[in-house]
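A short worksheet on the structure shown next.
Protein chains: 2
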Amino acid sequence: MPLSHTASGDVQHVPFDDLRGTLARIFERHGTSAEVAAVLAHNCASAERDGAHSHGVFRIPGYLSTLASGWVDGHAVPRVEDVAPGYLAVDAGNGFAQPAYRAAYSALVAKARANGVALLAIRNSHHFAALWPDVEPLADDGLVALALVNSMACVVPSGGTTALFGTNPIAFAAPRAGHEPLVFDLATSAIAHGDVQIAAREGRLLPDGHGVDRHGQPTNDPRAILDGGALLPFGGVHSSYKGSALSMMVELLAAALTGGNFSFEFDWSAHPGAQTPWTGELIITIDPAKSAGRSFAQRCEDLVQAMAAAGQTRQPGERRYRQRARSLKDGIPLPATTWAELQRLADGPI
Amino acid sequence: MPLSHTASGDVQHVPFDDLRGTLARIFERHGTSAEVAAVLAHNCASAERDGAHSHGVFRIPGYLSTLASGWVDGHAVPRVEDVAPGYLAVDAGNGFAQPAYRAAYSALVAKARANGVALLAIRNSHHFAALWPDVEPLADDGLVALALVNSMACVVPSGGTTALFGTNPIAFAAPRAGHEPLVFDLATSAIAHGDVQIAAREGRLLPDGHGVDRHGQPTNDPRAILDGGALLPFGGVHSSYKGSALSMMVELLAAALTGGNFSFEFDWSAHPGAQTPWTGELIITIDPAKSAGRSFAQRCEDLVQAMAAAGQTRQPGERRYRQRARSLKDGIPLPATTWAELQRLADGPI
Numbered sequence: 001m002p003l004s005h006t007a008s009g010d011v012q013h014v015p016f017d018d019l020r021g022t023l024a025r026i027f028e029r030h031g032t033s034a035e036v037a038a039v040l041a042h043n044c045a046s047a048e049r050d051g052a053h054s055h056g057v058f059r060i061p062g063y064l065s066t067l068a069s070g071w072v073d074g075h076a077v078p079r080v081e082d083v084a085p086g087y088l089a090v091d092a093g094n095g096f097a098q099p100a101y102r103a104a105y106s107a108l109v110a111k112a113r114a115n116g117v118a119l120l121a122i123r124n125s126h127h128f129a130a131l132w133p134d135v136e137p138l139a140d141d142g143l144v145a146l147a148l149v150n151s152m153a154c155v156v157p158s159g160g161t162t163a164l165f166g167t168n169p170i171a172f173a174a175p176r177a178g179h180e181p182l183v184f185d186l187a188t189s190a191i192a193h194g195d196v197q198i199a200a201r202e203g204r205l206l207p208d209g210h211g212v213d214r215h216g217q218p219t220n221d222p223r224a225i226l227d228g229g230a231l232l233p234f235g236g237v238h239s240s241y242k243g244s245a246l247s248m249m250v251e252l253l254a255a256a257l258t259g260g261n262f263s264f265e266f267d268w269s270a271h272p273g274a275q276t277p278w279t280g281e282l283i284i285t286i287d288p289a290k291s292a293g294r295s296f297a298q299r300c301e302d303l304v305q306a307m308a309a310a311g312q313t314r315q316p317g318e319r320r321y322r323q324r325a326r327s328l329k330d331g332i333p334l335p336a337t338t339w340a341e342l343q344r345l346a347d348g349p350i
Numbered sequence: 001m002p003l004s005h006t007a008s009g010d011v012q013h014v015p016f017d018d019l020r021g022t023l024a025r026i027f028e029r030h031g032t033s034a035e036v037a038a039v040l041a042h043n044c045a046s047a048e049r050d051g052a053h054s055h056g057v058f059r060i061p062g063y064l065s066t067l068a069s070g071w072v073d074g075h076a077v078p079r080v081e082d083v084a085p086g087y088l089a090v091d092a093g094n095g096f097a098q099p100a101y102r103a104a105y106s107a108l109v110a111k112a113r114a115n116g117v118a119l120l121a122i123r124n125s126h127h128f129a130a131l132w133p134d135v136e137p138l139a140d141d142g143l144v145a146l147a148l149v150n151s152m153a154c155v156v157p158s159g160g161t162t163a164l165f166g167t168n169p170i171a172f173a174a175p176r177a178g179h180e181p182l183v184f185d186l187a188t189s190a191i192a193h194g195d196v197q198i199a200a201r202e203g204r205l206l207p208d209g210h211g212v213d214r215h216g217q218p219t220n221d222p223r224a225i226l227d228g229g230a231l232l233p234f235g236g237v238h239s240s241y242k243g244s245a246l247s248m249m250v251e252l253l254a255a256a257l258t259g260g261n262f263s264f265e266f267d268w269s270a271h272p273g274a275q276t277p278w279t280g281e282l283i284i285t286i287d288p289a290k291s292a293g294r295s296f297a298q299r300c301e302d303l304v305q306a307m308a309a310a311g312q313t314r315q316p317g318e319r320r321y322r323q324r325a326r327s328l329k330d331g332i333p334l335p336a337t338t339w340a341e342l343q344r345l346a347d348g349p350i
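Residue numbers (the UniProt record's numbering), protein chains in the order written: chain A, 1 to 350; chain B, 1 to 350.
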């Protein structure tokens, strides 16, 4: 399915609402409820809008093959549980994490404002998207947010030889006076699986500290990583134990604490075509209006100014905001073949 | 002052309570209240007991010169503020962070149990110790804990040329069924300042990705780092932007949120001898009894077993526990000259 952003040929500029609407029709037509379709379509169109192509329309085939496999329930209705004054849980019912999050969002914000801090523990959920869309809205609402999600076993623990952890990203967002929120979203693996595949295709070797072969030995050969090997945690040759510790923390908070699966626990072999990890997600959010001293958002802006003065030319999240502004002004650039294929998936003959 | 752990000569094995008592007398004699002395002595003796020498008695001269300089108030009485059901703040009153934490500890635990999650924001505080002692007790009490503290400008942000962040550690602890808690404590810098000094003394070059010279250019020469240069965030040559993002998060949570100073903001030039960073600290703690599904501590143990099966031979914190057991059985090994000097500082002629 030619849903690449980088396909050659004509480029079309698609308004955000058109892309979102088309994606929603695709999801609903391929096995989700209208509610789930709306949430996933917004998420996926937002990634494409912001130039986060690896989580944009590129993911649609994976979503559809997963839905077709019966691995995930596109009609799941999340069940929100009010566990304690600062603690919400959601059983996603073997559905996607994003609708589960959506169902609890307002309650989470209210709890954070009332208690100063609140957390949302999502379990029995599938997360196949970028993580920054889960924290940015909280910062838009004036809150500080930290999100962690585990995924599927493809990373060896530091010193180990067998894949156990997922790429296990950590995302963070903070309100910034006079600007879009400060947001980062980083995998705790040294490299993304997609980048290993690209290197293999191009015949490039990888730098040290990125992966191991099927025997657990360090390798620079991307094909050896793909052929039964695994990724290393980030940190470089000398500090991958740090990335490994953070990845372990993600497993504990996103899976053990929520009641979800560890990245190595689920077995999708009975569902050929399944691609979505069935795990959990934790979101912690803090109300900085409770801070002592000057406005948190102003302090955040002070720090950004200081980082710029120290020579950091690009702040976390900045590239996304720039692409977002362009997309909202001119439309989202998509290869014409990709846009045609999306429209066919949405409205054409099955 | 010969307070090295590695001084040559005879080694004496000192019972924990003897070392703690001696350190308490040293602190009180050199400018702290009895309450502050007891907390700092316990902290410092615990680090020495666990083989964490860089935060053990090695730090005593730094504590004393800082107290003598008037930079920190050894008699400060922390003021605990009950900000919201899940939010405690402490104004440490320009004193040390550990007594401030101690003053709020029981209330923090109670809030976490009542609300599911709680945080403690310490400001106007000096942290000169390891960070793991701040999270381990919470895990001993059955809670999950995350602590962040910023320090003093010695790390360049990713892509930058001037030191801005501190070594900004992150510590995490989780209860583990049938075992001591799982604990890690990692600096977000590529290397500790002390290790750069050791490399310079030994004439060794550092690996790539550890530091920059006074012009902000990458260097392998530890002397160039010490001579007006700075450390890099951890992550290695290809991912130091990730360590940088985490270090930025520590600045925002430990300083901006608490109302403390950023690592680059305080000026101790009027206090020669001062060594303790005057910043803030954030502790987030979660009650895993609120978890869905199986016992969190059992799930934690399951993960540790899986990490061992994947070939990870040493779990985070394990080395400390092993040394702790030895120290409690045989006494804490100290060079006889160091122990004599500590006794002199405590009880000898001034």
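From the three backbone atoms N, C-alpha and C, an ideal C-beta is built for every residue, glycine too.
Nothing here was measured: the structure is a model prediction, and the numbers come from that model.
Residue contact with chain B for A:Asn-115: present (Cβ-Cβ distance below 8 Å to some residue of chain B). Beta-bridge analysis with DSSP links A:Thr-285 to A:Ala-118, A:Ala-145. The three-state secondary structure of B:Leu-164, taken from DSSP, is coil. Distance from the CA atom of A:Gly-93 to the CA atom of A:Ser-125, rounded to whole angstroms, is 7 Å. Under DSSP, A:Leu-334 takes part in a beta bridge, and its partners are A:Gln-12. With distances taken between CA atoms, B:Ala-190 lies nearest to B:Ser-239 out of B:Ser-239, B:Pro-99, B:Ala-306, B:Trp-278. The C-beta of B:Ile-198 has fewer than 16 other C-beta atoms within 10 Å across all chains shown, which makes the residue exposed.
If you check the CB distance, A:Pro-333 and A:Phe-184 do not come in under 8 Å. With respect to the C-alpha of A:Gly-70, the residue from A:Gly-331, A:His-271, A:Met-152, A:Pro-277 having the closest C-alpha is A:His-271.
Selection B:Val-212, B:Arg-214, B:Asn-220, B:Thr-188 evaluated against B:Gly-203 yields B:Asn-220 as nearest (Cα-Cα).
By the rule that beta-carbons nearer than 8 Å mark a contact, A:Thr-258 touches chain B. Relative to A:Ala-45, the option among A:Ala-110, A:Ala-129, A:Trp-268 whose CA is nearest is A:Ala-129. The three-state reading of DSSP puts B:His-30 in coil, since its state is none of H, G, I, E or B. Of all residues in the segment 19 to 34 of chain A, none is placed with a Cβ closer than 7 Å to any Cβ belonging to chain B. Among the residues facing chain B, A:Pro-207 is included, as its CB has a counterpart in that chain under 8 Å away. Per DSSP, reduced to three states, the secondary structure at B:Ile-191 is coil, with no helix or strand assignment. Within chain A, the residues whose beta carbon sits less than 7 Å from that of B:Phe-296 are Ala-256, Leu-257, listed in sequence order.
The Cβ atoms of B:Ala-163 and A:Ala-292 do not sit closer than 8 Å to each other. Using beta-carbon distances, B:Ser-158 counts as an interface residue toward chain A, with a partner under 8 Å. Judged by DSSP in its simplified three-state form, B:Thr-219 adopts strand. Inclusion of A:Arg-314 and B:Gly-159 in the CB contact set at 8 Å is warranted, their separation being smaller than that value. One Cα belongs to A:Ala-224, the other to A:Ser-263, and the distance between them is close to 22 Å. Between A:Ala-147 and A:Ala-174, the CB-CB gap reaches or exceeds 8 Å. Closer than 7 Å at the C-beta level to chain B, one finds these residues of the segment 280 to 310 of chain A: Ile-284, Ile-286, Pro-288, Lys-290, Ser-291, Ala-292, Gly-293, Phe-296, Arg-299, Cys-300, Leu-303, Ala-306, Met-307, Ala-310.
Taking 8 Å as the upper bound on Cβ-Cβ separation, chain A lies near residues Gly-311, Gln-312, Thr-313, Arg-314, Pro-316 of the segment 311 to 328 of chain B. Under the 8 Å criterion on CB atoms, A:Glu-251 is classed as interfacial with respect to chain B. Within chain A, no C-beta atom comes nearer than 8 Å to that of B:His-75; the closest sits roughly 22 Å away. If only uninterrupted alpha helix (DSSP H) runs of at least 4 residues are considered, those enclosed by the segment 215 to 266 of chain B are 222 to 226, 236 to 251.
Nearest CB-CB separation between B:Val-14 and chain A: not below the 8 Å threshold. Taking CB atoms only, A:Ala-118 has a neighbour in chain B less than 8 Å away. For the 8 Å CB-CB criterion, B:Ala-118 and B:Gly-86 form a contact. The C-alpha of A:Ala-256 lies about 14 Å from the C-alpha of A:Asp-91. Per DSSP, B:Phe-296 is one residue of the alpha helix (DSSP H) stretching across 296 to 309. The C-beta of A:Gly-95 comes no closer than 8 Å to any C-beta of chain B. Residues of the segment 208 to 238 of chain A with a C-beta atom less than 9 Å from some C-beta of chain B are Asp-208, Gly-209, His-210, Gly-216, Phe-234, Gly-235, Gly-236, Val-237, His-238, listed in chain order. Bounds of the beta strand (DSSP E) holding A:Ile-170 are 170 to 176.
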